[in-house]
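**Student:**
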Ligand code: UD1
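Numbering (my numbering), first residue to last: 48 to 465.
1. Among residues of its own chain, excluding the 5 on either side of residue 65, which ones have a beta-carbon nearer than 6 Å to its beta-carbon?
2. What are the residues that DSSP puts in a beta bridge with residue 376?
3. Which residues mark the beginning and the end of the alpha helix (DSSP H) in which residue 310 is found?
4. Suppose contacts are defined by Cβ-Cβ distances below 7 Å. Is residue 79 in contact with residue 429 by that definition?
5. What first and last residue would you give for the alpha helix (DSSP H) that runs through residue 194?
6. Counting only runs of 3+ residues fully inside the region 199-249, write out the beta strand (DSSP E) ranges in chain order.
7. Kindly indicate which residue of 283, 304, 94 has the alpha-carbon position closest to the one of residue 320.
8. For residue 207 versus residue 432, is the C-beta spacing smaller than 7 Å?
9. Alpha carbon to alpha carbon, how far is residue 373 from residue 392?
10. Give me whichever residues DSSP pairs with residue 145 in a beta bridge.
11. From the beta carbon of residue 419, is the nearest beta carbon of chain B less than 7 Å away?
12. Check residue 265 in the structure and name its three-state DSSP category.
13. Relative to the C-alpha of residue 308, which residue among 87, 93, 142, 98 is closest?
14. For residue 358, verify whether its CB is less than 6 Å away from any heavy atom of ligand 1.
15. I need the straight-line Cα distance from residue 173 to residue 163, nearest angstrom please.
16. I'd like to confirm something about residue 55: is its beta-carbon nearer than 6 Å to some heavy atom of ligand 1, or not?
17. Does the Cβ of residue 94 lie closer than 6 Å to at least one heavy atom of ligand 1?
18. Of the residues 273, 388, 280, 398, which one's Cα is nearest the Cα of residue 339?
19. Span of the beta strand (DSSP E) holding residue 338?
20. Any heavy atom of ligand 1 closer than 6 Å to the CB of residue 48?
Structure (structure tokens):
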């Protein structure tokens with residue numbers, strides 16, 4: 048039986064979460080000796096710049112999207128509505144058995160809603176929604192991503208969870224356990240697949256972070272530096288909040304250079320608030336300061352993360368990646384939806400005050416001891432996902448009101464809720 052699956056991506060963090068799934072589907076078909084799963088990749092165009100989107104397709108060896116919707120930037124409501132309308136047209140035309148949505152961005156919730164409300168076709172059953180990275184909760188509804196996570200999880204038919212807190216959160220919200228699968232983390236699949244290749248990146252050399260002139264020799268002579276990312280609306284859209292964070296971070300810059308690949312949203316705010324004095328733009332001069340640089344591709348950024356003394360961030364995914372790499376991380380937020388990175392990993396949440404950031408940096412700069420890798424962050428999450436989808440979708444059977452998925456007995460490796 049042939050199955051059609053559509054994966055929807057749209058914003059930067061989606062690409063590394065979807066890439067291993069696309070690859071695992073290809074592998075599944077190769078092993079089956081025929082295209083058992085027809086797969087289409089749809090890009091909403093939420094992120095559209097070369098640096099926010101195209102470079103990731105190159106770095107991650109992702110095929111060009113089959114459909115590009117080109118929605119671009121606007122307010123949350125307008126952006127989500129544009130995606131919903133365009134996605135509905137694609138789904139009506141293609142009639143997939145399932146739509147895979149990843150993460151917690153506006154593209155995720157728009158695709159989940161479009162798929163969940165798709166009317167059943169005459170000869171096809173209901174389209175199922177599969178959410179990759181289900182169950183994470185910051186319990187902070189002022190974050191747009193928290194709203195996206197909650198809505199998407201409650202629309203989804205199949206929920207793929209990355210860490211055990213996700214299982215508890217979904218259970219507490221009354222989601223049927225037989226729809227929840229603890230599979231691991233596809234973002235970590237990508238990290239493990241590309242970790243060695245990132246060593247070939249010339250970025251350390253370009254940023255003047257190594258002493259020697261040839262790239263090969265430079266591996267042994269990386270200078271100490273910290274890496275900073277900031278893009279949460281609550282951190283960057285308000286002048287006082289952004290000033291506090293930059294002040295807290297500037298104190299560290301007196302000890303070692305900080306590399307800051309700024310997200311377009313953040314760059315705009317820095318210009319708008321006149322905060323240029325916090326930065327130094329010439330990275331060839333290795334002064335201890337905050338070096339503002341353009342957003343980087345996946346491999347360059349991974350290379351910088353691997354070699355950093357310390358990472359400071361308000362991103363979700365970077366908390367997980369630094370845990371896996373064993374690099375100390377200071378999360379500039381009041382909370383995290385990824386508690387495993389604090390319990391078992393290298394992460395601390397600092398809050399957003401100058402004092403909180405200063406204290407967390409002090410603690411992390413001299414951190415002792417190794418982090419332990421969270422359960423199932425082993426590079427095989429995508430493989431588990433494809434196996435579950437294949438067995439669930441090929442087990443669809445006729446019921447009185449249409450077709451229902453039969454959730455088959457679990458394979459030993461894929462524990463559901465415990
Ligand atoms: C989005 C996600 C966030 C994710 C982040 C990663 C939501 C609600 N937020 O936030 O969870 O961590 O992506 O980057 O979906 N812009 C460009 N070029 C682009 C894309 C955006 O210049 O290619 C600028 C636009 O001016 C836009 C602003 O960045 O207004 C914000 O983009 P948007 O997609 O709305 O949200 P992000 O802040 O990127």
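Built from N, CA and C at the ideal position, the CB exists for glycine as well.
Computed from a prediction, not measured in an experiment: that's the story for all the values here.
**Tutor:** The structure says:
1. Walking along the chain shown from the start, residue 65 turns up at place 18. If we look at residue 65 and ignore the five residues flanking it on each side, its Cβ neighbours are 54, 56, 149.
2. On the chain shown, position 329 is the one that residue 376 refers to. Residue 376 is bridged by DSSP to 358, 394.
3. In the chain shown, the residue the question calls residue 310 occupies position 263. Element bounds for residue 310: n/a, residue is neither H nor E.
4. Numbered from 1 along the chain shown, position 32 holds the residue referred to as residue 79. Numbered from 1 along the chain shown, position 382 holds the residue referred to as residue 429. No, Cβ-Cβ distance for residue 79 and residue 429 is not below 7 Å.
5. In the chain shown, the residue the question calls residue 194 occupies position 147. Note, residue 194: alpha helix (DSSP H), 191-202.
6. Listed in chain order, the complete beta strand (DSSP E) runs (minimum 3 residues) inside the region 199-249 are 205-208, 227-229.
7. Position 273 of the chain shown, counting from 1, holds the residue named residue 320. Closest option to residue 320, Cα to Cα, is 283.
8. In the chain shown, counting from the first residue as 1, residue 207 sits at position 160. In the chain shown, counting from the first residue as 1, residue 432 sits at position 385. Their beta carbons are under 7 Å apart, which means residue 207 touches residue 432 by this criterion.
9. On the chain shown, position 326 is the one that residue 373 refers to. On the chain shown, position 345 is the one that residue 392 refers to. Straight-line measurement puts the Cα of residue 392 at about 7 Å from the Cα of residue 373.
10. The sequence position of residue 145 within the chain shown is 98, counting from 1. Secondary-structure assignment with DSSP links residue 145 through a beta bridge to 52, 175.
11. No chain B is present in this structure, which holds just one protein chain.
12. Mapped onto the chain shown, residue 265 falls at position 218. Legend: pLDDT at residue 265 = 47, less than 50; position of this residue unreliable, no value from coordinates given.
13. As a first step, residue 308 must be located in the chain shown, where it is residue number 261. Nearest option by C-alpha distance: 98.
14. For the purposes of this step, residue 358 is taken as residue 311 along the chain shown, with counting starting at 1. No; taking the cut-off as 6 Å, the Cβ of residue 358 has no heavy atom of ligand 1 nearer than that.
15. Within the chain shown, residue 173 is the residue found at index 126, counting from 1. Within the chain shown, residue 163 is the residue found at index 116, counting from 1. Their backbone Cα atoms lie some 8 Å apart in a straight line.
16. Looking up residue 55 in the chain shown gives position 8. Answer for residue 55: no, Cβ out of range of ligand 1.
17. What you label residue 94 is simply residue 47 of the chain shown in a count that begins at 1. Correct: residue 94 has its Cβ closer than 6 Å to ligand 1.
18. Here residue 339 refers to the residue found at position 292 of the chain shown. The residue with the shortest Cα to Cα distance from residue 339 is 273.
19. Counted from its first residue, the chain shown places residue 338 at position 291. According to the DSSP assignment, residue 338 belongs to the beta strand (DSSP E) that extends over 337-340.
20. For the purposes of this step, residue 48 is taken as the residue at position 1 of the chain shown. No; taking the cut-off as 6 Å, the Cβ of residue 48 has no heavy atom of ligand 1 nearer than that.
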